[in-house]
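Please read the structure below before turning to the comments.
The following block contains the structure:
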């Protein structure tokens, strides 16, 4: 089973702080990397799907970068707000590209 | 409204009693998938389907069956549930995924089914 690692496991920041977390993965047979946001008692919602080395994507205060050669992606949140509190999941298509393997997530808590 | 629906949302059952969790999407998506979520383990893929009559195993298929007779539906079948299948289950769909030359699309998740097997 493919190993997709996310760090840190959890993070507690104050409103207004900027933060980032990491998704690490084997760089061989890479096809695509997904980021999802998962609020408690809801379903995961897609943030980004990235396929190209060097790709950068942005949605509001959230952005992501991708390095397929070294096997990592960063997710950045600028000026965190309490509504950003959620678990952020990354997932990988590699090898048998139709399969999707998720990391265990980074749980973000933003307090006032 | 574009959505993925799952039924039931909550189910408590006993060991060995066959059950089916339904999943339906109204977005004409080709790709559908089932995941289970367990504490500390993240979402793990059970089965996926590239299109009608095309299904394949994910990382944790043991004890589960699926079928894809129609594009919109992808039921998950537990022929003889056991307590280790107690989990939160998600169905998801996307336009297409995983073929060379095709765009990799985001997945849309259903609301989840919380299953307890006693």
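Chains as they are written, first to last, in the working numbering: chain A, 1 to 112; chain B, 1001 to 1118.
We put the CB at the ideal spot given by N, CA and C, even for glycine.
For clarity, every value in this text was computed on a predicted model and none was experimentally measured.
1) Along the beta strand (DSSP E) that carries residue 34 of chain A, what are the first and last residues, could you check?
2) Please list the partners that residue 49 of chain A has in chain B, where partner means a Cβ-to-Cβ separation under 7 angstroms.
3) Could you work out which residues of chain A lie near residue 1063 of chain B, taking near to mean beta carbons separated by less than 9 angstroms?
4) Taking the Cβ atom as the reference point for each residue, do residue 92 of chain A and residue 4 of chain A lie within a distance shorter than 9 angstroms?
5) Run the CB neighbour count on residue 1054 of chain B, radius 10 Å, all protein chains shown included, and call it buried at 16 or more, exposed below.
6) From residue 51 of chain A to residue 32 of chain A, what does the alpha carbon distance come to, in whole angstroms?
7) Quick one: which unbroken beta strand (DSSP E) runs of 3-plus residues sit fully inside the region 85 to 110 of chain A? Chain order, please.
8) Within 10 angstroms of the Cβ of residue 1025 of chain B, are there 16 or more other Cβ atoms? Answer buried if so, exposed if not.
9) Can you list, in chain order, the residues of its chain whose CB lies under 7 angstroms from that of residue 24 of chain A, leaving out five sequence neighbours each side?
10) Give, in chain order, every residue of the region 64 to 92 of chain A whose Cβ lies closer than 8 angstroms to some Cβ of chain B.
11) Quick one: give me the first and last residue of the beta strand (DSSP E) that residue 1057 of chain B is part of.
12) Determine contact between the region 1065 to 1081 of chain B and the region 1006 to 1017 of chain B, defined as no fewer than three beta-carbon pairs at a distance below 8 angstroms.
13) Going along the chain, which residues of its own chain have a beta-carbon closer than 6 angstroms to the beta-carbon of residue 34 of chain A, five neighbours each way excluded?
14) Assuming the contact rule is C-beta atoms closer than 8 angstroms, residue 1037 of chain B and residue 1022 of chain B should be a hit. Round their C-beta distance to whole Å, please.
15) In chain A, which residues lie with their C-beta within 9 angstroms of the C-beta of residue 1041 of chain B?
16) Of all the CB atoms in chain A, is at least one closer than 9 angstroms to the CB of residue 1045 of chain B?
17) Counting only Cβ pairs nearer than 8 angstroms, list the residues of chain B close to residue 101 of chain A.
18) May I ask you to report which of helix, strand or coil DSSP gives residue 56 of chain A?
19) For residue 81 of chain A, which three-state DSSP category applies?
20) Note down the Cα distance separating residue 84 of chain A from residue 43 of chain A, rounded to an integer number of angstroms.
21) So is residue 1002 of chain B buried or exposed if we call it buried at 16+ other beta carbons inside 10 Å?
According to the data block:
1) If you number the first chain from 1, residue 34 of chain A lands on position 34. In this chain, the beta strand (DSSP E) harbouring residue 34 of chain A covers 30 to 38.
2) Here residue 49 of chain A is taken as the residue at index 49 of the first chain, counted from 1. Counting only Cβ-Cβ distances below 7 angstroms, residue 49 of chain A has contacts in chain B at 1104, 1105, 1106, in chain order.
3) The count along the second chain starts at 1 and reaches residue 1063 of chain B at position 63. Going along chain A, no residue has its Cβ under 9 angstroms from residue 1063 of chain B, so there is no contact; the nearest lies around 17 angstroms.
4) Position 92 of the first chain, counted from the start, is the residue given in the question as residue 92 of chain A. Position 4 of the first chain, counted from the start, is the residue given in the question as residue 4 of chain A. Closer than 9 angstroms, so yes.
5) Numbered from 1 along the second chain, position 54 holds the residue referred to as residue 1054 of chain B. Counting Cβ neighbours within 10 Å, residue 1054 of chain B comes out exposed, since fewer than 16 surround it.
6) The sequence position of residue 51 of chain A within the first chain is 51, counting from 1. The sequence position of residue 32 of chain A within the first chain is 32, counting from 1. So the two alpha carbons sit approximately 4 angstroms from each other.
7) If we require 3 residues or more, the beta strand (DSSP E) runs fully inside the region 85 to 110 of chain A come out as 86 to 94.
8) Stepping through the second chain from its first residue, residue 1025 of chain B is reached at position 25. It is buried - the Cβ of residue 1025 of chain B has at least 16 other Cβ atoms within 10 Å.
9) Within the first chain, numbered from 1, the residue matching residue 24 of chain A stands at position 24. For residue 24 of chain A, where only same-chain residues beyond five positions count, the Cβ hits under 7 angstroms are 5, 71, 72.
10) Those residues of the region 64 to 92 of chain A that come within reach of chain B (Cβ to Cβ, closer than 8 angstroms) are 89, 91.
11) The residue you call residue 1057 of chain B lines up with position 57 of the second chain. Unbroken beta strand (DSSP E) run through residue 1057 of chain B: 1054 to 1057.
12) Inter-segment contact for the region 1065 to 1081 of chain B and the region 1006 to 1017 of chain B is present: three or more beta-carbon pairs are separated by less than 8 angstroms.
13) Here residue 34 of chain A refers to the residue found at position 34 when the first chain is read from its first residue. Same-chain partners within the cutoff: 49, 91.
14) Locating residue 1037 of chain B in the second chain gives position 37, where the first residue counts as 1. Locating residue 1022 of chain B in the second chain gives position 22, where the first residue counts as 1. Not confirmed; about 18 angstroms, so no contact.
15) Residue mapping note: residue 1041 of chain B aligns to position 41 of the second chain, counting from 1. Residues of chain A whose Cβ lies closer than 9 angstroms to the Cβ of residue 1041 of chain B are, in chain order, 104.
16) Counting from one through the second chain, the residue named residue 1045 of chain B turns up at place 45. Taking Cβ atoms only, chain A reaches closer than 9 angstroms to residue 1045 of chain B, which makes this a yes.
17) Counting from one through the first chain, the residue named residue 101 of chain A turns up at place 101. Against residue 101 of chain A, the close residues of chain B are 1045, 1059, in the order they occur along the chain (beta-carbon pairs closer than 8 angstroms).
18) To locate residue 56 of chain A, count along the first chain from 1; it is residue 56. In the three-state DSSP reduction, residue 56 of chain A falls in the strand class (E or B).
19) Numbered from its first residue, the first chain carries residue 81 of chain A at position 81. The answer is coil: DSSP assigns residue 81 of chain A none of H, G, I, E or B.
20) Here residue 84 of chain A refers to the residue found at position 84 of the first chain. Here residue 43 of chain A refers to the residue found at position 43 of the first chain. Computed Cα separation, rounded: 15 angstroms.
21) Residue mapping note: residue 1002 of chain B aligns to position 2 of the second chain, counting from 1. That one is exposed.
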